[in-house]
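Here the structure comes first, spelled out in structure tokens, and everything after it is commentary.
Numbering (UniProt numbering), first residue to last: 1 to 149.
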């Protein structure tokens, strides 16, 4: 299923995204190094073992990016003009290597664009959940989405 146009959304629409992703050590290490994040909790097994978590903690910005990525296919794939902002980002539970994440999305706002007559703003509440159904990340994403025609 590809993304929907602005006209196709209604407030309260909810999607359980079908793609799941198991987070690997390579994912976490590459993302941390590509973004120049030297946090020992993410890249140093011994430092992480000595922390309150007792193991490597997955980089939170990776978790956030994965959550949004898992949502794209059913929300904005092919219909996005631009992502305008992310708000209320929280990470209520940690993600560890080997956790399998899935995402849900709910439309919380719709507004016609004042500057672009061929598009409208859709606000999504995205959530990422682990294999134990714990919410590990949540945010609001405002997307400028094309209208039909």
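We treat Cβ as the ideally placed atom computed from N, Cα and C, and that holds for glycine. Treat the numbers as computed from the prediction; the structure is a model and nothing was measured.
Legend entry - Cβ-based burial, residue 104 [other Cβ within 10 Å; buried from 16]: In the assembly as shown, residue 104 is a buried residue. Its beta-carbon has 16 or more other beta-carbons within 10 Å.
Legend entry - Whether residue 61 touches residue 4 by CB criterion (9 Å): Contact annotation: residue 61 and residue 4 have beta-carbon atoms that are not nearer than 9 Å.
Inset, instruction - Kindly indicate the opening and closing residues of the beta strand (DSSP E) around residue 93. - result: For residue 93, there is no enclosing beta strand (DSSP E), as DSSP gives it neither H nor E.
Legend entry - Counted within 10 angstroms of its Cβ, other Cβ atoms place residue 56 as buried (16 or more) or exposed: Flag for residue 56 reads buried.
Inset, instruction - Answer with buried or exposed for residue 2, where buried requires no fewer than 16 other C-beta atoms within 10 angstroms of its C-beta. - result: So residue 2 ends up on the exposed side.
Legend entry - Three or more C-beta pairs below 8 Å linking the region 121-139 and the region 81-100: Result yes; three or more Cβ-Cβ pairs closer than 8 Å.
Inset, instruction - Using only the heavy atoms of the ligand SAM, determine whether one of them is closer than 8 Å to the beta carbon of residue 135. - result: No copy of the ligand SAM appears in this structure; indeed no ligand is present at all.
Legend entry - Environment of residue 8 [buried if 16+ CB atoms lie within 10 Å]: By the C-beta density criterion, residue 8 is exposed, having fewer than 16 other C-beta atoms within 10 angstroms.
Inset, instruction - Return yes when the Cβ of residue 58 is within less than 9 Å of the Cβ of residue 143, no when it is not. - result: Not closer than 9 Å, so no.
Inset, instruction - Can you give me the Cβ contacts of residue 15 inside the same chain, cut-off strictly under 8 Å, excluding the 5 residues immediately before and after it? - result: Excluding the 5 residues flanking it on each side, residue 15 has same chain C-beta neighbours closer than 8 Å at 71, 74, 75, 104, 105, 106, in chain order.
Legend entry - Span separating the alpha-carbon of residue 121 from that of residue 10: Computed Cα separation, rounded: 12 Å.
Inset, instruction - Starting from residue 103, follow the beta strand (DSSP E) in both directions and report where the run begins and ends. - result: Where residue 103 is concerned, the enclosing beta strand (DSSP E) stretches over 100-112.
Inset, instruction - Could you pull the start and end residues of the alpha helix (DSSP H) that residue 62 belongs to? - result: 60-75 is the span of the alpha helix (DSSP H), which, as asked, contains residue 62.
Legend entry - Residues bridged to residue 126 [DSSP beta-bridge criterion]: Residue pairing of residue 126 in beta bridges, as defined by DSSP: 105, 139.
Inset, instruction - Measure how close the beta-carbons of residue 63 and residue 136 come, nearest whole angstrom, since I'm counting them as under 8 Å. - result: With 8 Å as the limit, residue 63 and residue 136 qualify as a contact, their Cβ atoms being about 6 Å apart.
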